[in-house]
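Residue 1 is where the sequence shown starts when you use our numbering, and the numbers rise one by one after that.
First comes the structure, then the notes that go with it.
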Amino acid sequence: MWDTANSTTYPEMRNIAYDVTSCFVAIEASHSATSSTLVFAFKIYIDFKEHSQRVSLTTDTWTSVQRINYMCVTAHYIDEQWKLNKKIISFVPIQSHKGDAIAKALEVCLVEWGIKNICSITVDNASSNDVAIWFLKSKLVSWGVHMAQYLHMRCIAHILNLVVQDGLKMANLSVKKLRENVRWVRGSPARLFKFKELATLLGVEDTCSLVLMFLLDGTPRT
Numbered sequence: 001m002w003d004t005a006n007s008t009t010y011p012e013m014r015n016i017a018y019d020v021t022s023c024f025v026a027i028e029a030s031h032s033a034t035s036s037t038l039v040f041a042f043k044i045y046i047d048f049k050e051h052s053q054r055v056s057l058t059t060d061t062w063t064s065v066q067r068i069n070y071m072c073v074t075a076h077y078i079d080e081q082w083k084l085n086k087k088i089i090s091f092v093p094i095q096s097h098k099g100d101a102i103a104k105a106l107e108v109c110l111v112e113w114g115i116k117n118i119c120s121i122t123v124d125n126a127s128s129n130d131v132a133i134w135f136l137k138s139k140l141v142s143w144g145v146h147m148a149q150y151l152h153m154r155c156i157a158h159i160l161n162l163v164v165q166d167g168l169k170m171a172n173l174s175v176k177k178l179r180e181n182v183r184w185v186r187g188s189p190a191r192l193f194k195f196k197e198l199a200t201l202l203g204v205e206d207t208c209s210l211v212l213m214f215l216l217d218g219t220p221r222t
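This is the structure in structure tokens:
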């Protein structure tokens, strides 16, 4: 359990303990649950401070439906039991998606948790992240971190998504025509019945009916 001795040995933990308590009390008033949360946060802090060799970070930002900008930071590390851990160490609102705002939020997170021995930081390919990582590299160098210039990692999932999106542009015209045909057939019960008749005549298995789906932005898709 968190006590005065711990706050003296690890003074940086006082800010973390205060933040965790404040956030948790707003959700749950249970004293025992709050204490266990503090113990959990302190264990993670000890892992960073004494047990883990290197810490890899992943982070992303987004805007909520309330138009509030948020940033989440996840730490990945191997503990003294040789187990791979993945812990969310920051979930905070930020001023904007600009590089300087992201960099400052990351710096605050690293200072509060006492993390200096960083292996990599994985972000998507947004230009603002390039600015943020450039700023953070200079900070880490001033903290005495070696090989800080190699910590920038680009998210492979985001890269693959960009590749697929670019490739689909070549098929946009064909897909558009197919969607228009599906919409036309489904627009009339008589046309849909005739379509099923022709499918049966040609021996096409009718495993499912024609479906026209819509993406979140209202774009139809089959």
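The beta carbon of each residue, even a glycine, is placed where N, CA and C say it ideally should be.
Collapsed DSSP secondary structure at N129 in the structure displayed:
Position 129 of the sequence shown, counted from the first residue, corresponds to residue 129. Helix, per DSSP.
Round the Cβ separation of V229 and K104 to the nearest angstrom and send it over; I've been treating them as touching at under 8 Å.
Absent from the model: residue 229. The displayed extent of the chain is 1 to 222, so no value can be given.
Secondary structure, beta strand (DSSP E): runs of 3+ residues fully inside the stretch 76 to 144:
84 to 93 and 118 to 123
What number of angstroms, rounded off, separates the C-alpha of P93 from the C-alpha of E180?
In the sequence shown, counting from the first residue as 1, residue 93 sits at position 93. In the sequence shown, counting from the first residue as 1, residue 180 sits at position 180. Cα to Cα, the separation comes out at about 42 Å.
So S174 is in the alpha helix (DSSP H); what residue range does that whole segment cover?
Translated into positions along the sequence shown, residue 174 becomes position 174. Note, S174: alpha helix (DSSP H), N172 to R186.
Would you verify that the beta carbon of R179 is, or is not, closer than 8 Å to some beta carbon of chain B?
Absence of chain B from the displayed structure is noted, only one protein chain being present.
My understanding is that L110 touches A132, with C-beta atoms under 8 Å, so please give their C-beta distance in whole angstroms.
Residue 110 sits at position 110 when you count from the first residue of the sequence shown. Residue 132 sits at position 132 when you count from the first residue of the sequence shown. Contact doesn't hold; Cβ gap of about 12 Å is too wide.
Name, in chain order, the residues that DSSP records as bridge partners for D60.
Here residue 60 refers to the residue found at position 60 of the sequence shown. Paired residues: C72.
For A190, count neighbouring C-beta atoms within 10 Å of its own C-beta (all shown protein chains included) and say buried if the count is 16 or more, exposed if not.
Looking up residue 190 in the sequence shown gives position 190. Classification for A190: exposed.
Return the chain-ordered list of same chain residues with a C-beta closer than 8 Å to the C-beta of A126, the five sequence neighbours on each side being excluded.
Locating residue 126 in the sequence shown gives position 126, counting from the first residue. The answer, listed in chain order, is H97.
Have a look at the DSSP bridge pairing and note the partners of V164.
Position 164 of the sequence shown, counting from 1, holds the residue named residue 164. DSSP, once it has assigned bridges, lists no residue as partnering V164.
Short Cβ contact (8 Å threshold) for K169 with G114
Your numbering for residue 169 matches position 169 in the sequence shown. Your numbering for residue 114 matches position 114 in the sequence shown. It is not a contact, given that the beta carbons lie outside the stated cut-off.
State the beta-bridge partners of V55 as determined by DSSP.
The residue given as residue 55 occupies position 55 in the sequence shown. Per DSSP, Y77 and I118.
Closest to Q268 by CA distance: which of N69, D47, A101 and T63 is it?
Because the chain here runs from 1 to 222, residue 268 falls outside it and cannot be looked at.
Beta carbon of T59 nearer than 8 Å to that of V123:
The sequence position of residue 59 within the sequence shown is 59, counting from 1. The sequence position of residue 123 within the sequence shown is 123, counting from 1. Yes, the Cβ-Cβ distance between T59 and V123 is below 8 Å.
Around the C-beta of V55, are 16 or more other C-beta atoms found within 10 angstroms, so that it is buried, or is it exposed?
Within the sequence shown, residue 55 is the residue found at index 55, counting from 1. With 16 or more other Cβ atoms within 10 Å, it is buried.
Status (buried if at least 16 other CB within 10 Å, exposed otherwise) for Y150
Position 150 of the sequence shown holds residue 150. With fewer than 16 Cβ atoms within 10 Å of its Cβ, Y150 is classed as exposed.
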